[in-house]
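Numbering (our numbering), first residue to last: 1 to 259.
The structure is reproduced here in structure tokens:
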């Protein structure tokens, strides 16, 4: 029933009837080993409905960005539906925190968030200078923290992590500027927890390719194509999660390939 409402009214109401909507949907979404019925909000279906700046789709990883995107929704002059993916584990994740200064006057929502290794003074691992970075990983949502912890454990100083907090409208200028900041990074990776035929890969792959340099290649790292949103066994989930994180960081060969 809800699918009909999204198709007929929420995604296309402004285009068909000039009726704006400021609806906010907080949808549980995150691969945490809870099985097919409790892992996916079908992110790919919302992205498939996106066109002509009709909606906003986000996957926030910090309390500050979550606060700002809700505040922006109320304060801005226009009204657009806002779809937010909300992983349950980030409610209690020790690294998913923000200082109050990030919610103070003069702060705002960031469509793209930078690497904690460059922004947090207490971060244990420090990256090499930007011109020595060899690999850039673009991701969205809670998989960032899995990548962050594994990178620190392996002391990978030449791998940069970039969070795309707003998946639509896609932040072309922000992503372009961030990739250009690493002039010698030849490998760019899109890492996601979802299977290849789900999540943001098929919607945003061509958008990422638009901002790449001619000497760069884009790789996919994530779960293989699947009819089910997630594995039904916790042990298989753990194995899949570990594999996609290691592939993204370049620790093992990428079985998913470029495309």
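Just so it is clear, CB atoms sit at the ideal spot from N, CA and C, and this is done for glycine as well.
These figures come from a predicted structure and were not determined experimentally.
Distance between beta carbons of residue 189 and residue 179, contact taken as under 8 Å = For this step, residue 179 is matched to residue 179 along the chain shown. For this step, residue 189 is matched to residue 189 along the chain shown. Wrong, their Cβ atoms sit about 12 Å apart, outside the cutoff.
query = When the Cα atoms are used, what is the spatial distance from residue 253 to residue 245?
reply = Counting from one through the chain shown, the residue named residue 253 turns up at place 253. Counting from one through the chain shown, the residue named residue 245 turns up at place 245. Cα to Cα, residue 253 sits roughly 11 Å from residue 245.
query = Expressed to the nearest angstrom, what Euclidean distance is found between the alpha-carbon atoms of residue 214 and residue 207?
reply = As a position in the chain shown, residue 214 is number 214, starting the count at 1. As a position in the chain shown, residue 207 is number 207, starting the count at 1. Cα-Cα distance, rounded: 15 Å.
Option nearest residue 248 by Cα separation, candidates 227, 231, 154 = Locating residue 248 in the chain shown gives position 248, where the first residue counts as 1. When only C-alpha atoms are compared, the closest one is 154.
task = Report yes if the C-beta distance between residue 212 and residue 160 is below 9 Å; otherwise report no.
result = For the purposes of this step, residue 212 is taken as the residue at position 212 of the chain shown. For the purposes of this step, residue 160 is taken as the residue at position 160 of the chain shown. No, Cβ-Cβ distance for residue 212 and residue 160 is not below 9 Å.
query = Between residue 197 and the rest of its own chain, which residues show a CB-CB distance below 8 Å, the 5 nearest in sequence each way excluded?
reply = By one-based count along the chain shown, residue 197 stands at place 197. Around residue 197: 44, 225, 226.
ask   = If you draw a straight line from the C-alpha of residue 21 to the C-alpha of residue 48, how long is it?
value = Taking the chain shown and counting its residues from 1, the one referred to as residue 21 is at position 21. Taking the chain shown and counting its residues from 1, the one referred to as residue 48 is at position 48. If I take the Cα positions, the gap works out to 19 Å.
request  = Return the bridge partner residues of residue 187 from the DSSP annotation.
outcome  = For the purposes of this step, residue 187 is identified with residue 187 of the chain shown, where counting begins at 1. Paired residues: 135, 217.
ask   = In whole angstroms, what is the alpha-carbon distance linking residue 55 and residue 182?
value = In the chain shown, counting from the first residue as 1, residue 55 sits at position 55. In the chain shown, counting from the first residue as 1, residue 182 sits at position 182. If I take the Cα positions, the gap works out to 31 Å.
task = Tell me where the alpha helix (DSSP H) around residue 86 begins and ends.
result = As a working note, residue 86 is residue 86 in the chain shown. No alpha helix (DSSP H) holds residue 86; the beta strand (DSSP E) holding it covers 82-86.
request  = Return the chain-ordered list of same chain residues with a C-beta closer than 8 Å to the C-beta of residue 147, the five sequence neighbours on each side being excluded.
outcome  = Counting from 1 along the chain shown, the entry for residue 147 is found at position 147. Counting only Cβ-Cβ distances below 8 Å, and skipping sequence neighbours, we find 137, 139, 161, 191, 245, 248, 249.
inquiry  = Using C-beta distances below 6 Å, list every residue in its chain close to residue 175, excluding the 5 sequence neighbours before and after it, in chain order.
reply    = Taking the chain shown and counting its residues from 1, one reaches residue 175 at position 175. Correct list, in chain order: 211.
Residue burial classification, residue 318 (beta-carbon count within 10 angstroms, cutoff 16) = Given a span of 1 to 259 for the chain in the structure shown, any question on residue 318 remains unanswerable.
request  = Could you tell me how far apart the beta carbons of residue 108 and residue 62 are, in whole angstroms, since I believe they sit closer than 8 Å?
outcome  = The sequence position of residue 108 within the chain shown is 108, counting from 1. The sequence position of residue 62 within the chain shown is 62, counting from 1. Their Cβ separation, rounded to whole angstroms, is 13 Å, which puts residue 108 and residue 62 out of contact at 8 Å.
query = In three-state DSSP terms, what is residue 51?
reply = The residue labelled residue 51 in the question sits at position 51 within the chain shown. Residue 51: coil per DSSP, three-state reduction.
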